[in-house]
């Protein structure tokens, strides 16, 4: 894909000097991608992504700046918006734009058909990682039931 004067995209920032030799092109898409990954406000229009648990709880050594796809965005319009985000990811990779997609490795691995690792879960949700580790160490049904006491699974 070419950009700039002779390509399909040309940008001019109002009130700013600049020749689009690629810099303005990258800046426009960087700004657009940054808008996708903002902490939602009460009046947010785009809520395609929400903070990952480590960001919400400010816990963990990593993942405190990452976002996950919002699972409540399932309408056909939302799906087409997610498809457009996928095209932006592809564009970024193709042109080496390094657009700021604040997604954890868990999401990228899902997009590539790879299985997540324990480290991927830890970097996204430290609390769930800890619970899974405890669950894995249960030796018998009594220990399992004690672990689940007071917890409910809600969908």
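Residue numbers (our numbering): 9 to 163.
We put the CB at the ideal spot given by N, CA and C, even for glycine.
All of these numbers come straight from a predicted model, not from anything done at the bench.
Could you check which residue in 96, 89, 97 and 46 has the C-alpha nearest to that of residue 74?
46
Quick check: the stretch 118-134 against the stretch 59-73, are there 3 or more CB pairs under 8 Å?
Per the Cβ contact rule, the stretch 118-134 is in contact with the stretch 59-73 (3 or more Cβ pairs under 8 Å).
Residue 57 and residue 39 look like a contact to me (Cβ under 8 Å); what is the Cβ gap, rounded to whole Å?
So it is not a contact: roughly 16 Å between Cβ atoms.
In whole angstroms, what is the alpha-carbon distance linking residue 91 and residue 136?
28 Å
Return the CA-CA distance between residue 103 and residue 115, expressed in angstroms with no decimal places.
21 Å
Given that a residue counts as buried once 16 or more other Cβ atoms are within 10 Å of its Cβ, and exposed if not, what is residue 110?
Burial of residue 110 is indicated by the presence of at least 16 other C-beta atoms within 10 angstroms of its C-beta.
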